[in-house]
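The next block holds one structure in the form of structure tokens; read it before the comments.
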Amino acid sequence: MNARRILQNIVPPLVPLVLLVVVAEIAVRAGWVRSFLVPAPSSVLASLLAESDLWSATLDTATSALIGFGMSVVIGIAMAILLSSSNWIRRAFYPYAVFFQTVPIIAIAPLLVIWVGWDHTVVASAFIVSIFPVIANALTGLLSTDPALKDLFVLYRASHAATLFKLKLPFALPHIFTGLRIAGGLAVIGAIVGEFITSGGIGGSVIISRQQNRVDKVFAGLILASLLGIVLFAVINIVGGLVMRRWHPSERESQ
Amino acid sequence: MQLDSTVAPNTPLAVNLRGIRRTFAGAVQAIDGVDLQVADGEFVAILGPSGCGKSTLLRIIAGLDYADVGSIEVLAARGGDQRIGYVFQDAHLLPWRSVLDNIALPLELLGKSRDEREAAARWAVKLVGLEDAATRYPAELSGGMRMRASLARALVAKPKLLLLDEPFAALDEISRQQLDEQLYRLWREQQITVIFVTHSIIEAAYLAQRAIVMSRRPARIVLNHRLDLPLQRDATLRTTVEFAREMQTLYEALEGGQRINSQRGSNP
Chain A
1 MNARRILQNI
11 VPPLVPLVLL
21 VVVAEIAVRA
31 GWVRSFLVPA
41 PSSVLASLLA
51 ESDLWSATLD
61 TATSALIGFG
71 MSVVIGIAMA
81 ILLSSSNWIR
91 RAFYPYAVFF
101 QTVPIIAIAP
111 LLVIWVGWDH
121 TVVASAFIVS
131 IFPVIANALT
141 GLLSTDPALK
151 DLFVLYRASH
161 AATLFKLKLP
171 FALPHIFTGL
181 RIAGGLAVIG
191 AIVGEFITSG
201 GIGGSVIISR
211 QQNRVDKVFA
221 GLILASLLGI
231 VLFAVINIVG
241 GLVMRRWHPS
251 ERESQ
Chain B
256 MQLDSTVAPN
266 TPLAVNLRGI
276 RRTFAGAVQA
286 IDGVDLQVAD
296 GEFVAILGPS
306 GCGKSTLLRI
316 IAGLDYADVG
326 SIEVLAARGG
336 DQRIGYVFQD
346 AHLLPWRSVL
356 DNIALPLELL
366 GKSRDEREAA
376 ARWAVKLVGL
386 EDAATRYPAE
396 LSGGMRMRAS
406 LARALVAKPK
416 LLLLDEPFAA
426 LDEISRQQLD
436 EQLYRLWREQ
446 QITVIFVTHS
456 IIEAAYLAQR
466 AIVMSRRPAR
476 IVLNHRLDLP
486 LQRDATLRTT
496 VEFAREMQTL
506 YEALEGGQRI
516 NSQRGSNP
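Protein chains in written order, with the working numbering: chain A, 1 to 255; chain B, 256 to 523.
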């Protein structure tokens, strides 16, 4: 990426951000908005720098979200392979996967504490929220294999394993990465919801800061949570770009 | 046993189809009683309107589809080794593999050793004149080059029978002409049986020794015709009176086949 493209891509989204920060700072300092409702951006920045517990909380949340996300990737893709293997299995089980997705995580988080214990609630919550998009997108990808190529594999009597690993899974990769991008953000949300219950990580810090009327610290936590989601999204995008750089038209065009 | 009049008696057959019928779900009849014999080493073109069931016929020969009624004998499919090559309407390469790895795929699926795969893929890539593009990826190739890679993939396992399903239909006129000539040369050099499905009269007349013309769906054979043209084919052939006459014969049969079924359709 050359300097010109960096300017074109990075500068425009920064403009509204800077404006917002300046306006918020002026509004709070001039007393138009009371600082216990909206903190001055400068005080948010100050607590970001001063409160070292926020950073260790972020690390905790990141670890839990990543473990939950990793489990979603492995188990979600495995389930999609299973569901794609037979129409009967898909008809029998896929409706439950859809139903599972509609269960509000905030409502089952307390149940998770009972089932998996305090130590694992956050990871379990991240996992439960993020697995569905992995299953759904991987399944779509696995079912959209080029029929002519399937014929080719039949013609040369390819085994099930060869058809899966040399044709169906690589073919599904663009869909799988779409699922991963969604799942990454959801894993962070799931982890924070779990932390509302366990009082650890960013989620716990936000709850405690609110109880202490530290709106600046609440905002600092929110910013860190967003950053976490963005970083995860970016990493998944970069990995996807590397894996598919040679072949997928949408990846080629975006280069 | 009465053989098709245009295949001499006692000729070894590569393909022998008798009374093939195929009806798809929803009672769409694709093929309605087709007898077809193809001699070993012959180049046969199957000509018919789009969607008439000729692709289905080819898929049945390849063992990718089945007939509801009728007997199918494909000698090339006998024995343990894979002896059928198949070229689809588009190249259908694996986009994440280089040209050479795409060409080697059939041998990989058949469980051949790395050395054998490598050697055969090098041979096939040369056969279609793609040596210079061997390490490139499908997205970096022109349509004609992709199709040539696809042809090399069909030839890499040294098939006895090569089936092509409107293979060059999506290409521009020049690339198509080049590939037609390349295919014809390969057929003469490699001693393979070729069945070539097309909806182009020129292509059928230019390439084949024998043309089978099919009617509209449900497909029946309306003409089984040995082309009276020299074995040596080049661009000048297309401007000859003989070529024009053969094209006329095929055209009339094709048009007749459309009419027969439209009458059948309007007056059941």
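From the three backbone atoms N, C-alpha and C, an ideal C-beta is built for every residue, glycine too. Just so we're clear, the structure is a prediction, and the values are computed from it rather than from any experiment.
If you run the structure through DSSP and keep just helix, strand and coil, what is Ile197(A)?
Counted from its first residue, the first sequence places residue 197(A) at position 197. Looking at Ile197(A) - three-state DSSP - the assignment turns out to be helix.
Check the Cβ of Phe153(A) against every Cβ in chain B and list those closer than 7 Å, keeping chain order.
Locating residue 153(A) in the first sequence gives position 153, where the first residue counts as 1. Within chain B, the residues near Phe153(A) are Leu364.
In angstroms with no decimal places, state the Cα-to-Cα distance between Lys309(B) and Ala183(A).
Locating residue 309(B) in the second sequence gives position 54, counting from the first residue. Locating residue 183(A) in the first sequence gives position 183, counting from the first residue. Looking at the two C-alpha atoms, the distance is approximately 46 Å.
Report the option in Thr278(B), Asp427(B), Ala499(B), Val293(B) whose CA atom is closest to the CA atom of Met400(B).
The count along the second sequence starts at 1 and reaches residue 400(B) at position 145. Ranking Thr278(B), Asp427(B), Ala499(B), Val293(B) by Cα distance to Met400(B) puts Asp427(B) first.
How about Ala317(B) and Tyr341(B): do their beta carbons lie closer than 7 Å?
Start at 1 with the first residue of the second sequence, and residue 317(B) comes out as number 62. Start at 1 with the first residue of the second sequence, and residue 341(B) comes out as number 86. Taking C-beta atoms as the reference points, Ala317(B) and Tyr341(B) count as a pair closer than 7 Å.
Could you check whether the Cβ of Pro304(B) sits closer than 7 Å to any Cβ belonging to chain A?
Position 49 of the second sequence, counted from the first residue, corresponds to residue 304(B). Not closer than 7 Å to any Cβ of chain A, the Cβ of Pro304(B) fails to qualify, so no.
Using a Cβ cut-off of 7 Å (strictly closer), state whether Ala162(A) contacts chain B.
Here residue 162(A) refers to the residue found at position 162 when the first sequence is read from its first residue. When Cβ-Cβ separations below 7 Å define contact, Ala162(A) makes contact with chain B.
When you compare the CB of Tyr156(A) with every CB in chain B, is at least one pair closer than 7 Å?
For the purposes of this step, residue 156(A) is taken as residue 156 along the first sequence, with counting starting at 1. Chain B has a Cβ within less than 7 Å of the Cβ of Tyr156(A).
Select from the stretch 134-153 of chain A all residues with a C-beta closer than 8 Å to any C-beta belonging to chain B, and list them in chain order.
If the cut-off is 8 Å between Cβ atoms, the stretch 134-153 of chain A has Asp146, Ala148, Leu149, Asp151, Leu152, Phe153 near chain B.
Could you work out which residue in Ser85(A), Val239(A), Leu167(A) is closest to Ala148(A) when comparing CA atoms only?
Taking the first residue of the first sequence as position 1, residue 148(A) is located at position 148. Among Ser85(A), Val239(A), Leu167(A), the Cα nearest to that of Ala148(A) is on Leu167(A).
Proximal chain C residues relative to Pro414(B), where beta-carbon distance stays under 9 Å
Of the protein chains in this structure, namely A and B, none is chain C.
Below 6 Å CB to CB, which residues in the same chain sit around Val33(A) once its five sequence neighbours on both sides are set aside?
Translated into the one-based positions of the first sequence, residue 33(A) becomes position 33. Only Ala27 meet the Cβ criterion.
For Trp88(A), count neighbouring C-beta atoms within 10 Å of its own C-beta (all shown protein chains included) and say buried if the count is 16 or more, exposed if not.
Taking the first residue of the first sequence as position 1, residue 88(A) is located at position 88. A residue is called buried when at least 16 other Cβ atoms come within 10 angstroms of its Cβ; Trp88(A) does not meet this threshold and is exposed.
Would you mind stating whether Val231(A) and Ile105(A) have Cβ atoms separated by less than 7 Å?
In the first sequence, counting from the first residue as 1, residue 231(A) sits at position 231. In the first sequence, counting from the first residue as 1, residue 105(A) sits at position 105. Between Val231(A) and Ile105(A), the gap from beta carbon to beta carbon reaches 7 Å or more.
Looking only at its own chain, which residues have a Cβ that is under 7 Å from the Cβ of Phe219(A), when we skip the five neighbours before and after it?
As a working mapping, residue 219(A) is identified with position 219 in the first sequence. Within the same chain, Phe219(A) has close Cβ partners Pro39, Val44.
Taking Cβ positions only, does Ser254(A) come closer than 7 Å to chain B?
If you number the first sequence from 1, residue 254(A) lands on position 254. Unreliable placement is indicated for Ser254(A), whose pLDDT of 38 sits below 50; no coordinate value is reported for it.
Distance CB(Ile131(A))-CB(Gly76(A)) smaller than 7 Å
Position 131 of the first sequence, counting from 1, holds the residue named residue 131(A). Position 76 of the first sequence, counting from 1, holds the residue named residue 76(A). Yes, Cβ-Cβ distance for Ile131(A) and Gly76(A) is below 7 Å.
Pull up the distance between the alpha-carbon of Gly203(A) and that of Ala389(B), whole angstroms please.
Position 203 of the first sequence, counted from the start, is the residue given in the question as residue 203(A). Position 134 of the second sequence, counted from the start, is the residue given in the question as residue 389(B). If I take the Cα positions, the gap works out to 54 Å.
Coarse secondary structure for Asn87(A), derived from DSSP in three states:
Position 87 of the first sequence, counted from the start, is the residue given in the question as residue 87(A). When DSSP states are grouped into helix, strand and coil, Asn87(A) belongs to the helix group.
is_contact[Val246(A), chain B] using C-beta, thresh 7 Å:
The residue given as residue 246(A) occupies position 246 in the first sequence. Note that residue 246(A) is Arg in the sequence shown, not Val. At a cut-off of 7 Å between beta carbons, Arg246(A) contacts chain B.
What are the complete alpha helix (DSSP H) segments, minimum 4 residues, inside the stretch 334-403 of chain B?
Qualifying alpha helix (DSSP H) stretches, in chain order: 354-364, 369-382.
Starting from the beta carbon of Ile339(B), find every residue of chain A whose beta carbon is closer than 9 Å, and list them in chain order.
Counted from its first residue, the second sequence places residue 339(B) at position 84. Near Ile339(B) (Cβ distances below 9 Å), the residues of chain A are Leu155.
Taking the C-alpha atoms as reference points, what is the distance between Ala424(B) and His454(B)?
Here residue 424(B) is taken as the residue at index 169 of the second sequence, counted from 1. Here residue 454(B) is taken as the residue at index 199 of the second sequence, counted from 1. Answer to the nearest angstrom: the Cα atoms are 9 Å apart.
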